[in-house]
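Structure first, then comments.
In my numbering, the protein residues as written are 155 to 433.
Pasting the structure below:
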């Protein structure tokens with residue numbers, strides 16, 4: 155799949171509606187909130203009590219309505235990524251939001267990266283003080299069809315140390331984790347990467363698990379708000395795949411030296427996610 159090098163931006167229609175649409179999430183039983191509904195879909199929070207090391211496993215479930223989409227961490231030419239923010243007074247910090255493999259969605263001339271089906275985003279929190287009795291956070295996502303609707307919900311979810319999660323809740327969190335891209339392996343990895351002299355192309359050499367088939371989907375995430383996926387000069391020889399990724403306009407005076415970018419490679423039913431370090 156080919157794509158465009160783009161800077162994430164908030165469409166005017168999306169920005170214009172932002173202030174008007176705020177939803178409040180109410181708490182359900184011990185580890186799962188109620189669903190909060192929006193014209194374009196619904197979402198809810200699932201969380202486990204802190205473990206002995208102060209870690210909290212949680213997840214944000216998002217279910218777009220048929221025909222609607224929501225976004226990956228770098229959404230492409232329009233939309234915004236999901237944002238999860240723990241309340242300052244909650245006593246926890248969000249260490250990581252993880253994302254299942256997205257797809258490229260083309261709407262007219264707009265190339266977006268996201269999900270057109272239910273998706274669950276694993277969330278990793280860490281307790282920073284006294285173990286909290288509830289998890290308080292705000293979740294903000296975009297849902298789009300002909301128009302984009304901002305969707306915000308505030309959650310206050312009880313975390314009872316004495317109450318065990320249900321089998322359903324544990325299965326949901328485990329299933330969400332199982333759908334995440336894996337790390338590199340001996341048969342699936344980035345073998346080399348380098349910039350062209352004019353910094354307009356990123357050359358990649360990959361080891362792929364399949365020796366034939368369609369070109370893999372590749373998403374390179376640079377500075378925050380930038381994603382590149384336009385391929386050129388692609389060649390697959392056995393288990394080795396080489397391609398150039400077109401690099402669009404970067405921030406003014408941006409120096410790649412010492413930076414690390416992200417890369418997601420999807421080949422068939424396998425995907426890896428890793429970083430590209432630039433010396």
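All residues carry an ideal CB built from backbone N, CA and C; glycine is no exception.
Please read these numbers as outputs of a predicted model, since none were measured by experiment.
Buried or exposed: residue 103, going by 16 or more other Cβ atoms within 10 Å of its Cβ? Missing from the structure shown is residue 103; the chain here goes from 155 to 433 and no further.
Cα-Cα separation between residue 406 and residue 328, rounded to whole angstroms: The residue labelled residue 406 in the question sits at position 252 within the chain shown. The residue labelled residue 328 in the question sits at position 174 within the chain shown. Computed Cα separation, rounded: 42 Å.
With a threshold of 16 other CB atoms inside 10 Å of the CB of residue 425, please say whether the residue is buried or exposed. Translated into positions along the chain shown, residue 425 becomes position 271. It is buried - the Cβ of residue 425 has at least 16 other Cβ atoms within 10 Å.
Using the Cα positions of residue 190 and residue 317, report the straight-line distance between them to the nearest angstrom. Translated into the one-based positions of the chain shown, residue 190 becomes position 36. Translated into the one-based positions of the chain shown, residue 317 becomes position 163. In a straight line, the C-alpha of residue 190 is about 24 Å away from that of residue 317.
Are the beta-carbon atoms of residue 289 and residue 238 separated by less than 8 Å? Counted from its first residue, the chain shown places residue 289 at position 135. Counted from its first residue, the chain shown places residue 238 at position 84. Contact flag unset, no.
Could you tell me the distance, in whole angstroms, from the CA atom of residue 351 to the CA atom of residue 357? Translated into positions along the chain shown, residue 351 becomes position 197. Translated into positions along the chain shown, residue 357 becomes position 203. Straight-line Cα distance between these residues: approximately 11 Å.
First and last residue of the alpha helix (DSSP H) that includes residue 430? The residue given as residue 430 occupies position 276 in the chain shown. Per DSSP, residue 430 belongs to no alpha helix (DSSP H); it is in the beta strand (DSSP E), 424 to 431.
What separation, rounded to the nearest whole angstrom, lies between the Cα atoms of residue 392 and residue 342? Here residue 392 refers to the residue found at position 238 of the chain shown. Here residue 342 refers to the residue found at position 188 of the chain shown. Approximately 13 Å between the Cα atoms of the pair.
Can you say whether residue 296 is buried or exposed, counting buried as having 16 or more other CB atoms within 10 angstroms of its CB? For the purposes of this step, residue 296 is identified with residue 142 of the chain shown, where counting begins at 1. The residue is buried, with at least 16 neighbouring Cβ atoms inside 10 Å.
Looking at C-beta atoms only, is the number of pairs between the segment 263 to 272 and the segment 304 to 312 that lie closer than 8 Å three or more? no
Going along the chain, which residues of its own chain have a beta-carbon closer than 6 Å to the beta-carbon of residue 217, five neighbours each way excluded? Here the question's residue 217 lines up with position 63 in the chain shown. Cβ neighbours of residue 217 beyond the five flanking positions: 195, 196 and 272.
Would you decide whether residue 170 is buried or exposed? Buried here means 16 or more other CB atoms lie within 10 Å of its CB. Reading the chain shown from its first residue, position 16 is the one you call residue 170. Low local confidence applies: a pLDDT of 40 at residue 170 is under 50, so the model's placement there is unreliable, and no value is given.
Below 8 Å between beta carbons: does that hold for residue 359 and residue 414? Mapped onto the chain shown, residue 359 falls at position 205. Mapped onto the chain shown, residue 414 falls at position 260. In this structure, residue 414 does not lie closer than 8 Å to residue 359 by Cβ.
Buried or exposed: which applies to residue 349, given that a residue is buried once 16 or more other Cβ atoms fall within 10 Å of its Cβ? Within the chain shown, the letter at position 195 stands for residue 349. When all chains shown are included, residue 349 counts as exposed.
Does DSSP classify residue 271 as helix, strand or coil? In the chain shown, the residue the question calls residue 271 occupies position 117. Coil at residue 271, not helix or strand.
According to DSSP, is residue 231 part of a helix, a strand, or is it coil? Sequence index remark: in the chain shown, residue 231 carries index 77 (1-based). Here residue 231 sits in coil by DSSP.
Element boundaries [beta strand (DSSP E), containing residue 353]: Numbered from 1 along the chain shown, position 199 holds the residue referred to as residue 353. Element bounds for residue 353: n/a, residue is neither H nor E.
N- and C-terminal bounds of the beta strand (DSSP E) containing residue 389: Translated into the one-based positions of the chain shown, residue 389 becomes position 235. Note, residue 389: beta strand (DSSP E), 385 to 391.
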